[in-house]
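Accompanying notes for the structure given below.
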Amino acid sequence: METQYAPLTASTVRSLTDKLYEKRKAAALDIEKQVREFVSSNQSSQLERVLDVLNELARSQNPHTRKGGLIGLAAAAIALGKLTANYTPQLVLPVVDCFADADSRVRYYACEALYNIVKVTREAALVHFSVLFDTLCKLSADTDQNVRSGSELLDRLLKDIVMSTSSFQVAEFVVLLRERIYTKNSSVRRFLVSWLSSLSTVPEVNLLPYLAEILDGLLQILSDPSLMVRELCESVLGQFLERIKANPSQVDLGLMVNVLIFHAQSTDDLVRFTALVWLQEFLTIGGVKMLPFASGYMTALLPCLNYPADEHRRDMHSVATATNVALMRLVDDDVAQKETSLELDSVIDVLKSHLQHETVQTRVAVLKWIHHLHKKMPGKVFPYVERLFPILLTMLSDASDEVVLLDLEVLSDLCQEKDSAAHVSLDALDLPTESKVKLAGISPYFVKFALSLLEMFRDDSMLLKERGTLIIRQLCLLLKPEEIYRSLAVLLSSDRDIVFVSHMVQTLNGILLTATELFPLRNQLKQLDSQASRDLFVCLYRCWCHQPVAVVGLCLLSQNYAHAAQLIHLFTDMDVTVDFLTEIDRLVQLLESPIFAYLRLHLLDSQHQNHLAAVLYGFLMLLPQTEAFHTLHRRLQCLPVPAATNVMSEKRSKSPTKAKFEGIAFDSLLQHFQAVQETHRHFNRLKHRELLAKTA
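Residue numbering for the sequence shown follows our numbering, starting at 574 and increasing by one per position.
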């Protein structure tokens, strides 16, 4: 046995491998003394032999022997002092092997031994940094608390050595980190992030060039169940972001943007918020260089634009809103005029997918984006309109008024596009030739929109009832009212669904006679001082025939009282229904409004009084004795004496009375009115027969 462990004595080896710690400690002191003697006498061969013996003991099958070998190696390292740099493989590697031992006490002694060895070897131990790092990573998740505590001491020592050296291999460290960063173990995650935290404080260590390789893993760690791990990771990411802001040239933002976009859609609020903050900073740093990632930015930002209740989500909303605004500002006139890297195809796809998002603010933001893009680069955006048009139409029935109004603004912009004729023509629309002629000069895209809008109203009567007025009024504010009414009147005139046409005329007439947005159109119809205005009157008249009271209202608006009186006489041939009387009631109430002040003054003019009185008395005779009846009756009681009407006639004698009606074939219009009413009577008879057949 003496020769087996020489130059160690048998008694020393027995004590070193004893189960009692005190004996092992005493034997270790003997080994330390013996090694010092070999060092002082320069007996390198004997030193090599001692280390070989201790290696064998550390790798023994007996746990007590392994413990002895470990403490012996630590003692030898202490004795070697500065010479340990020459023997690090013999000192470090056998100890590392013991960390795989099933006995937790062996693993603990291995921690203690390696701590003492590394403490002596210092920078020389970094030759085995990969092995040491891998060992510590595994020990951080050890099942034994004592082993974990021991490994933490060793970990701190190794960090101190690394932070004090100028020759640390950052690339090697990043490789080790990247291989382990996707672990799900919280202890290991904490260990990895702690290394990043420590190294980020060392000026000589620059991790920024490698950040793209580990950013995804760090953002995954940020969602760890452990609060301590999350806070540490958040701090590290914050340090990285500050370094990026200070040294933007050291990083390739493009390599990290897609990672951030992905995590900005995370279900974890902290991860999502952090990714959004980074995206905001990247946009500030990169500017137009970020435009190739615009669709990704939108994918991340748009869902975050709602108004949440809790404070953390409010911060998320604020960051998302600010970033969205900043991104929109990047798409300016300069960008629009140049061949930019803004990928409109993918941008439009993202906007389309979010047009019907559950939150109002997201839908509003999408519409603002479409409006902005079309405003800045109409020629480039318009080819994509066909993708958006069907969804934009459906959004007219959105529950939010803000969405509907903005949607109408976008649609009106598209309808006014100068190049729309290159994409849509009247010939391509399924319209009668006569209608196409009457619609000449009006944007084909608006005609297409009007057709689609009418179909929506037809299919959804509640949309017409609840939103019809809002939609028409807003369109009249955004576009030319006369073109809107001309288009709708022409399209409705060729429509065979007379019930729907009747309802539409009722809505359009109500808007025409009341809405402030329609003042210019009312003024045109009132004056009829141009051929265009007279043509418009005829166009509306032919459509309005589906609502007899509406036609009379149109004639009163255009001051054509004589023809209105003729129409009143034809009311004797009509079925006086509740709906019919309701329409008369509404018109009588409107006659008392400021819009018809001129009409009431015309009652003082003998030139108009007879025909106008005939119309009003006709209404009076048709109405039951409702409030409208009494209102009209009181008005008619105020008719002036002949002397007063003569004065008014003298004052107006120089004014043209018939010139403005020249060119209007009233006889033909009257015949058309009668034909339309006959169509309605025929339809009602058929409907009545069907009801009788069902009840029979």
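Don't be surprised by glycine CBs; every beta carbon is placed ideally from N, CA and C.
Query raised in the report: From 906, 927, 973, 975, pick the residue whose C-alpha is nearest to that of residue 946; which is it?
Result: What you label residue 946 is simply residue 373 of the sequence shown in a count that begins at 1. Looking at the Cα atoms, 906 is the closest of the given residues.
Query raised in the report: Can you give the Cα-Cα distance for residue 621 and residue 608, rounded to whole angstroms?
Result: For the purposes of this step, residue 621 is taken as residue 48 along the sequence shown, with counting starting at 1. For the purposes of this step, residue 608 is taken as residue 35 along the sequence shown, with counting starting at 1. C-alpha separation (whole angstroms): 10 angstroms.
Query raised in the report: With a CB to CB cut of under 7 angstroms and the five nearest residues on each side skipped, what residues in its chain are close to residue 700?
Result: Taking the sequence shown and counting its residues from 1, one reaches residue 700 at position 127. The residues are 661.
Query - Cβ-based burial, residue 934 [other Cβ within 10 Å; buried from 16] - result: Start at 1 with the first residue of the sequence shown, and residue 934 comes out as number 361. Counting the other Cβ atoms within 10 Å of the Cβ of residue 934 gives 16 or more, which makes it buried.
Query raised in the report: Which word fits residue 1049, buried or exposed, when buried means at least 16 other C-beta atoms lie within 10 angstroms of its C-beta?
Result: The count along the sequence shown starts at 1 and reaches residue 1049 at position 476. Under this definition residue 1049 is a buried residue.
Query - Nearest neighbour of residue 1213, chosen from 1144, 720, 1174 [CA to CA] - result: Position 640 of the sequence shown, counted from the first residue, corresponds to residue 1213. That would be 1174, whose Cα lies nearest to the Cα of residue 1213.
Query raised in the report: To which residues of the same chain is residue 1157 closer than 7 angstroms at the C-beta, ignoring the five residues directly before and after it?
Result: For this step, residue 1157 is matched to residue 584 along the sequence shown. Around residue 1157: 1122, 1192, 1195, 1196.
Query raised in the report: Within 10 angstroms of its Cβ, does residue 1211 collect 16 or more other Cβ (buried), or is it exposed?
Result: Reading the sequence shown from its first residue, position 638 is the one you call residue 1211. By the neighbour-count rule (16 or more Cβ atoms within 10 Å), residue 1211 is not buried but exposed.
Report task. Ignore the nearest five residues each way along the sequence and tell me which others in residue 1131's own chain have a CB closer than 8 angstroms to its CB. Result -> Within the sequence shown, residue 1131 is the residue found at index 558, counting from 1. Apart from sequence neighbours up to five positions away, the residues of its chain that approach residue 1131 with a beta-carbon distance below 8 angstroms are 1098, 1099, 1101, 1110, ordered along the chain.
Report task. Identify which residue in 799, 605, 779, 798 has its Cα closest to the Cα of residue 822. Result -> Here residue 822 refers to the residue found at position 249 when the sequence shown is read from its first residue. Nearest to residue 822 by alpha-carbon distance, out of 799, 605, 779, 798, is 779.
**Report entry** CA-to-CA distance, residue 959 to residue 966, given in whole angstroms
**Finding:** Looking up residue 966 in the sequence shown gives position 393. Looking up residue 959 in the sequence shown gives position 386. Spanning the alpha carbons of residue 966 and residue 959 requires a straight line of approximately 11 angstroms.
Query raised in the report: Measuring CA to CA, which of 767, 849, 1062, 828 is closest to residue 862?
Result: Counting from 1 along the sequence shown, the entry for residue 862 is found at position 289. The shortest C-alpha separation from residue 862 is found at 828.
Query raised in the report: So, residue 1002 versus residue 1024, is the Cβ gap smaller than 8 angstroms?
Result: As a working note, residue 1002 is residue 429 in the sequence shown. As a working note, residue 1024 is residue 451 in the sequence shown. Cβ atoms of residue 1002 and residue 1024: closer than 8 angstroms.
Query - Endpoints, alpha helix (DSSP H) assigned at residue 877 - result: In the sequence shown, the residue the question calls residue 877 occupies position 304. Under the DSSP assignment, residue 877 falls outside any alpha helix (DSSP H); it carries neither an H nor an E label.
Report task. Note the first and the last residue of the continuous alpha helix (DSSP H) segment covering residue 801. Result -> Indexing the sequence shown from 1 puts residue 801 at position 228. Taken as a continuous stretch (DSSP letters only), the alpha helix (DSSP H) holding residue 801 covers 800-819.
**Report entry** Within 8 angstroms, strictly: CB atoms of residue 672 and residue 711
**Finding:** On the sequence shown, position 99 is the one that residue 672 refers to. On the sequence shown, position 138 is the one that residue 711 refers to. Taking 8 angstroms as the Cβ cut-off, residue 672 and residue 711 qualify as a contacting pair.
Query raised in the report: Between the Cα of residue 1164 and the Cα atoms of 1062, 1207, 1242, which residue gives the shortest distance?
Result: Translated into positions along the sequence shown, residue 1164 becomes position 591. Checked all of 1062, 1207, 1242; the closest Cα to residue 1164 is 1207.
Requested in this report: For the segment 963-1024, list the alpha helix (DSSP H) runs that are entirely contained and at least 4 residues long, ordered along the chain.
Outcome: Complete alpha helix (DSSP H) runs here, min 4: 974-988, 1006-1011.
Requested in this report: Give the range of the alpha helix (DSSP H) segment to which residue 682 is assigned.
Outcome: Taking the sequence shown and counting its residues from 1, the one referred to as residue 682 is at position 109. 677-694 is the extent of the alpha helix (DSSP H) around residue 682.
Query raised in the report: Any idea what DSSP makes of residue 1234, helix, strand or coil?
Result: Here residue 1234 refers to the residue found at position 661 when the sequence shown is read from its first residue. Residue state, collapsed to three classes: helix.
Query raised in the report: What first and last residue would you give for the alpha helix (DSSP H) that runs through residue 1166?
Result: On the sequence shown, position 593 is the one that residue 1166 refers to. Segment: none, residue 1166 is in no alpha helix (DSSP H) and carries neither H nor E.
Query raised in the report: Per DSSP, what kind of secondary structure is residue 774 in: helix, strand or coil?
Result: Here the question's residue 774 lines up with position 201 in the sequence shown. Residue 774: coil per DSSP, three-state reduction.
Query raised in the report: Hey, out of 1256, 605, 683, whose CA is closest to residue 636's CA?
Result: Numbered from its first residue, the sequence shown carries residue 636 at position 63. Looking at the Cα atoms, 683 is the closest of the given residues.
Report task. Please classify residue 930: does DSSP put it in a helix, a strand, or coil? Result -> Stepping through the sequence shown from its first residue, residue 930 is reached at position 357. Correct three-state label for residue 930: coil.
Report task. Measure the Cβ-Cβ separation of residue 900 and residue 867 and say whether it is below 8 angstroms. Result -> Locating residue 900 in the sequence shown gives position 327, where the first residue counts as 1. Locating residue 867 in the sequence shown gives position 294, where the first residue counts as 1. Annotated as proximal: residue 900 and residue 867, with beta-carbon spacing under 8 angstroms.
Query raised in the report: Out of 764, 771, 761, which has the shortest C-alpha to C-alpha gap to residue 735?
Result: For the purposes of this step, residue 735 is identified with residue 162 of the sequence shown, where counting begins at 1. Per the Cα distances, 771.
Query raised in the report: If you draw a straight line from the C-alpha of residue 815 to the C-alpha of residue 930, how long is it?
Result: Residue 815 sits at position 242 when you count from the first residue of the sequence shown. Residue 930 sits at position 357 when you count from the first residue of the sequence shown. Rounded to the nearest angstrom, the two C-alpha atoms are 34 angstroms apart.
Query - DSSP state of residue 582 mapped onto helix, strand, coil - result: Counted from its first residue, the sequence shown places residue 582 at position 9. If DSSP states are grouped into helix, strand and coil, residue 582 belongs with coil.
Report task. Measure the beta-carbon distance from residue 695 to residue 667 and round it to whole angstroms, keeping in mind my assumption that it falls under 8 angstroms. Result -> Taking the sequence shown and counting its residues from 1, one reaches residue 695 at position 122. Taking the sequence shown and counting its residues from 1, one reaches residue 667 at position 94. Wrong, their Cβ atoms sit about 19 angstroms apart, outside the cutoff.
Requested in this report: Consult DSSP for residue 915 and reduce its assignment to one of helix, strand or coil.
Outcome: Numbered from 1 along the sequence shown, position 342 holds the residue referred to as residue 915. The three-state reading of DSSP puts residue 915 in coil, since its state is none of H, G, I, E or B.
Report task. Quick one: measure Cβ to Cβ for residue 1126 and residue 1082, integer angstroms, because I've assumed they're closer than 8 angstroms. Result -> Here residue 1126 refers to the residue found at position 553 when the sequence shown is read from its first residue. Here residue 1082 refers to the residue found at position 509 when the sequence shown is read from its first residue. That pair is a contact at about 6 angstroms.
Requested in this report: May I ask you to verify whether the segment 790-808 touches the segment 749-769, counting CB pairs closer than 8 angstroms and requiring at least 3?
Outcome: Taking 8 angstroms as the limit for Cβ pairs, the verdict is that the segment 749-769 does touch the segment 790-808.
Requested in this report: If I'm right that residue 762 touches residue 797 with Cβ under 8 angstroms, what's the distance once you round it to whole angstroms?
Outcome: Taking the first residue of the sequence shown as position 1, residue 762 is located at position 189. Taking the first residue of the sequence shown as position 1, residue 797 is located at position 224. Contact between residue 762 and residue 797 holds: their C-beta atoms lie close to 6 angstroms from each other, under 8 angstroms.
Requested in this report: Could you tell me if residue 887 is buried or exposed, where buried requires 16 or more neighbouring beta carbons within 10 angstroms of its beta carbon?
Outcome: Taking the first residue of the sequence shown as position 1, residue 887 is located at position 314. Residue 887 is classed as exposed because its beta carbon has fewer than 16 other beta carbons within 10 Å across all chains shown.
Requested in this report: Give the straight-line distance between the Cα atoms of residue 623 and residue 804, rounded to the nearest whole angstrom.
Outcome: Indexing the sequence shown from 1 puts residue 623 at position 50. Indexing the sequence shown from 1 puts residue 804 at position 231. For residue 623 and residue 804, the distance between alpha carbons rounds to 48 angstroms.
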